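Note that our numbering gives residue 94 to position 94 of the sequence shown, counting from 1, and the numbers run on in steps of one. All residues carry an ideal CB built from backbone N, CA and C; glycine is no exception. Since the model is a prediction, treat every value here as computed from it, not as a measurement.
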Amino acid sequence: MATLCIQVQESPFDIAVELEALLESAPEAGAVASFIGRVRADGGESAEPMSQPIGWLELEHYPGMTEKSMRRIADQATKQFELLAMTVIHRVGRLTPGESIVLVLAASRHRKAAFDACEFVMDYLKLEAIFWKREQRGEREVWIGSTDDDRARARAWKGS
1 MATLCIQVQE
11 SPFDIAVELE
21 ALLESAPEAG
31 AVASFIGRVR
41 ADGGESAEPM
51 SQPIGWLELE
61 HYPGMTEKSM
71 RRIADQATKQ
81 FELLAMTVIH
91 RVGRLTPGES
101 IVLVLAASRH
111 RKAAFDACEF
121 VMDYLKLEAI
131 FWKREQRGER
141 EVWIGSTDDD
151 RARARAWKGS
């Protein structure tokens with residue numbers, strides 16, 4: 001059974017510490033892949049024109065329910081890609097451009113499974129994890145939802 005670490009937190013994560021913990025839990029891993037999501041200055045997700053840079057991105061969650069949705073996604077990834085260990089950390093609160101939002105680490109016997117697992121988890125976090133996001137551009141605040149691209153990427157996994 002794979003070792004899972006699922007966390008929602010306001011504080012920044014330490015990538016080196018998280019990687020070391022993952023490696024300790026899966027010494028037989030031949031591959032570890034990672035993904036770090038960051039707040040982009042242009043936002044990139046909302047339908048708002050990019051004329052105004054992002055001042056901040058705020059993420060809200062429903063404690064307990066959010067972690068449960070993240071665990072469901074991570075459980076699916078560990079089964080589908082035969083992972084040995086996985087870490088998924090998502091930050092909440094108000095973040096500014098350049099700050100890290102999400103960390104996904106996947107340990108497996110082979111690299112393809114680890115890479116695919118990270119991509120799978122990110123595609124489903126964008127669609128199914130219970131977070132509410134809004135960004136501030138100039139004087140406006142805009143709520144951000146899933147995009148058609150997010151839905152298409154998740155659908156593509158169902159055929160694989």
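Alpha carbon of residue i to alpha carbon of residue j, nearest angstrom
i	j	result
Gly-145	Glu-60	13 Å
Gly-93	Trp-56	10 Å
Trp-157	Phe-120	7 Å
Ala-117	Glu-139	38 Å
Val-39	Ala-107	25 Å
Pro-97	Ile-15	18 Å
Gln-7	Glu-67	7 Å
Trp-143	Met-65	20 Å
Arg-153	Ser-69	18 Å
Glu-99	Gln-136	15 Å
Trp-132	Pro-27	36 Å
Inter-residue CB distance, residue i and residue j (contact presumed, cutoff 8 Å)
i	j	result
Ala-2	Met-86	6 Å
Val-102	Gly-37	4 Å
Ala-21	Arg-109	No, Ala-21 and Arg-109 are not in contact; Cβ-Cβ is about 19 Å, not under 8 Å.
Leu-105	Ser-34	5 Å
Val-32	Ala-114	6 Å
Arg-134	Glu-18	Not quite, the Cβ-Cβ distance comes to about 27 Å (not below 8 Å), so this is no contact.
Bridge-paired residues (DSSP) for residue i
i	result
Met-122	Its beta-bridge partners do not exist; DSSP assigns none.
His-61	Phe-131
Glu-141	Gln-136
Gly-159	Looking at the DSSP assignment, Gly-159 forms no beta bridge with any residue, so it has no partner.
Minimum C-alpha distance to residue i - residue among the options
i	options	result
Ser-25	Phe-13, Ser-34, Leu-4	Leu-4
Pro-63	Ala-117, Glu-10, Arg-140	Glu-10
Pro-53	Glu-141, Val-17, Arg-151	Glu-141
Asp-150	Lys-79, Arg-137, Tyr-124	Tyr-124
Leu-23	Leu-83, Gly-159, Ser-100, Lys-133	Leu-83
Phe-13	Phe-81, Lys-79, Glu-58, Arg-91	Arg-91
Gly-159	Asp-42, Ser-100, Gln-80, Pro-27	Gln-80
Near the ligand ADP: residue i beta-carbon under 7 Å from a heavy atom
i	result
Ala-31	Summarising the ligand content, the structure contains no ligands, and the ligand ADP is consequently not present.
Check your understanding: Within the chosen definition, does the segment 126 to 138 reach the segment 68 to 80 through at least 3 CB pairs nearer than 8 Å?
Key -> yes
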